[in-house]
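Protein chains: 2
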Amino acid sequence: MRILLFGASGYIGTEFINQFQNVNGIEVICVSSRRPDGSSYSYRELSRMIVDMSPTVIINCSAYVGGLSIINCENRKDMTIQSNIIFPQMLGEICNGSDIVFGHFSSGCIYNGYPDGGFKEADEPNFTFKSNNCSFYTGTKVLAEELLKDVPNKYIWRIRLPFDERNHPRNYLTKLMSFDTLVNCDNSISNRRELVRACLECIINGVPFGTYNLTNPGYIRAYEIVEMAKKILKLDKEFKYFEDSETFDEFRKIPTSNVILNTDKLASVGIKMTPVHDSVEWSLKNWK
Amino acid sequence: MRILLFGASGYIGTEFINQFQNVNGIEVICVSSRRPDGSSYSYRELSRMIVDMSPTVIINCSAYVGGLSIINCENRKDMTIQSNIIFPQMLGEICNGSDIVFGHFSSGCIYNGYPDGGFKEADEPNFTFKSNNCSFYTGTKVLAEELLKDVPNKYIWRIRLPFDERNHPRNYLTKLMSFDTLVNCDNSISNRRELVRACLECIINGVPFGTYNLTNPGYIRAYEIVEMAKKILKLDKEFKYFEDSETFDEFRKIPTSNVILNTDKLASVGIKMTPVHDSVEWSLKNWK
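Chains as they are written, first to last, in numbering that gives the first Met the number 0: chain A, 0 to 287; chain B, 0 to 287.
And the structure:
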């Protein structure tokens, strides 16, 4: 099986590399989503390049997330549209009508709120350009999903606030511990190592195509996480809290999603992620 | 010659229909840029549809301009991205590598300012998402041009503030006369009937592919236009003026381009538009 990996140097992409190295029968080719000079590929160029490499699977981990904060997407709209809409759309078109399986990362932040049991994959996103209530980043992720809806042989993996046990500026736990003020709402979050393993299981086990929420079962709030960090990591810091997301949005200056996702679909195809409190606790206990 | 016309019911599209009716040897097929239910075509659907109709030329007059004001594009980002970026990109990809000539409308508003002799077609746009100083509408028009840059067999026609002698809510002269407050800056503007004739001449005469500024030679300011209207149409109204565009932008709440475009390239291929003052005067004298 030959996998073409776009965005291999990013926070999610590097974890794919880590895990691929241990899987027999998989050859990984890391490809940049941009030309060597930083400009964007044309459709024909990208298509020719992909056909030449004849992959079995394309995984797109590339995205513009504004570096350390999606706030930066508001001021880099060209880059955000190009990376998060145009590029995945091109990949989708190339895979559509071919035998190539397409795996694309989306975000659980296309939802906001707490319906009974959490948002299911088939629920209509409610944090979108259409409803004019979302950040620019989130709006582009929704549009990409819409543009990919006719591609049959694809996985859309929705993740949220990735974290694991390695201290890293993109790690949600690292971020939380570095902030002074937190919003105290329940949220679904995704262990980076587990989510990547789940993607590989989707591909290797050939589970039905479609959209999957790849968040750890359950939900957790910032307060619980930093209290665990105080206990386990001896973190000596006091935090201030916004108790509602509206005040937090004003503080942050962009709309922020707070949401619980339903994880039954992933479980139903036999792929397990550990309950969120266990996963966070393990990460903090193995912090490095 | 078979021409596929997208956006035939719009302000520019209807004028194409008017003028096509008088041209022998041209068959025009009007096609909607959206499915009957208002949703967007997938690439494959659009591609199949176009191949079935085997056109010689595709003209894309469709765009989302926010109805009567581009201000509305700020709140309809999904529609704006879909119509102004994704759709023309798909058309470009379909034309690229085929014999179909592609004609696409862009906007002179991707520039702002007054360089010596006006902005030439090859000048880098300076009112863009990249420079983070433009309206959402303008940003999407720039991105579409970038995505079409590898399509060889295309015309990009840049127009500005279209007007003619027919009173119409999209007519720039109608708009100016309806406002109470105007910005008093020099601007290039485009007579709708002349710009459409210029497009047809590009196609029929087979002028070299590329980008053309389709504005009337010269420049004019709001003050001059309403003074002409007072004299010719006996318009009895006093206007207030913003003397600089910054104050106007604050008033309007989005960045507005004020710009002079260079029209030498169009003239160099033998296509004439009348000097802007003559064209405005003629329109007001024949106002209906």
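C-beta atoms are modelled at their ideal positions from N, C-alpha and C, and glycine is treated no differently.
| Item | Value |
| --- | --- |
| If you check the beta carbons only, do A/Ser82 and A/Glu193 fall under 8 angstroms apart? | no |
| For a cutoff of 8 angstroms on Cβ pairs, would you count A/Leu142 as touching chain C? | Absent from the structure: chain C. Protein chains present are A and B. |
| Between the segment 28 to 51 of chain A and chain B, which residues of the former have CB atoms less than 7 angstroms from a CB of the latter, in chain order? | Ser41, Tyr42, Arg43 |
| Using 8 angstroms as the limit for Cβ to Cβ distance, is A/Ile84 near chain B? | yes |
| Could you check which residue in B/Glu226, B/Tyr222, B/Thr13, B/Asp98 has the C-alpha nearest to that of B/Arg169? | B/Thr13 |
| Count the C-beta pairs between the segment 77 to 91 of chain A and the segment 79 to 93 of chain B that are closer than 8 angstroms, then say yes if the count reaches three, no if not. | yes |
| DSSP three-state label for A/Cys60, please. | coil |
| Would you say A/Leu146 reaches chain B, if we count a Cβ-Cβ gap shorter than 8 angstroms as a contact? | yes |
| Please report how far the alpha carbon of B/Asp77 lies from the alpha carbon of A/Pro124, in whole angstroms. | 13 angstroms |
| Just the C-alpha distance for B/Ile93 and B/Thr137, rounded to the nearest angstrom, thanks. | 24 angstroms |
| List, in chain order, every chain B residue whose beta-carbon is nearer than 7 angstroms to that of A/Phe128. | Lys76, Asp77 |
| Quick check on the DSSP output: the alpha helix (DSSP H) that includes B/Thr230 runs from which residue to which? | Position check: residue 230 of chain B holds Lys in this sequence, whereas Thr was assumed. 221 to 231 is the extent of the alpha helix (DSSP H) around B/Lys230. |
| Excluding the 5 residues flanking A/Val100 on each side, which residues of the same chain have their C-beta closer than 6 angstroms to its C-beta? | Val56, Asn152 |
| When Cβ atoms are compared, which residues of the segment 94 to 125 of chain B fall closer than 9 angstroms to chain A? | Asn95, Gly96 |
| Going by the DSSP bridge assignment, what does B/Glu26 pair with across the sheet? | B/Arg1 |
| Return the first residue and the last residue of the beta strand (DSSP E) that B/Lys140 is part of. | Taken as a continuous stretch (DSSP letters only), B/Lys140 belongs to no beta strand (DSSP E), being part of the alpha helix (DSSP H) at 135 to 146. |
| Considering only the alpha carbon of each residue, which of A/Leu260, A/Val50, A/Asn212, A/Asn183 lies closest to A/His103? | A/Asn212 |
| Ignoring anything shorter than 4 residues, give me the alpha helix (DSSP H) runs that lie fully in the segment 53 to 123 of chain A, in order along the chain. | 76 to 80, 86 to 94 |
| Please check if any C-beta of chain A sits within less than 8 angstroms of the C-beta of B/Asp248. | no |
| Would you grab the beta carbon distance between B/Ala143 and B/Cys60 for me? Rounded to a whole angstrom, and I think it's under 8 angstroms. | That belief does not hold up - the Cβ atoms of B/Ala143 and B/Cys60 are roughly 13 angstroms apart, past 8 angstroms. |
| Measuring CB to CB, does B/Asn17 end up less than 8 angstroms from B/Phe118? | no |
| Does DSSP put A/Arg159 in a helix, a strand or coil? | coil |
| With the cut-off set at 8 angstroms, would you say B/Thr214 and B/Arg159 are in Cβ contact? | yes |
| Residues of chain B with CB under 9 angstroms from A/Ile80, in chain order? | Ile80, Ile84, Phe128, Gly138, Thr139, Leu142 |
| So is B/Glu92 in contact with chain A if we call contact Cβ pairs under 8 angstroms? | yes |
| Can you give the Cα-Cα distance for B/Ala121 and B/Gly269, rounded to whole angstroms? | 19 angstroms |
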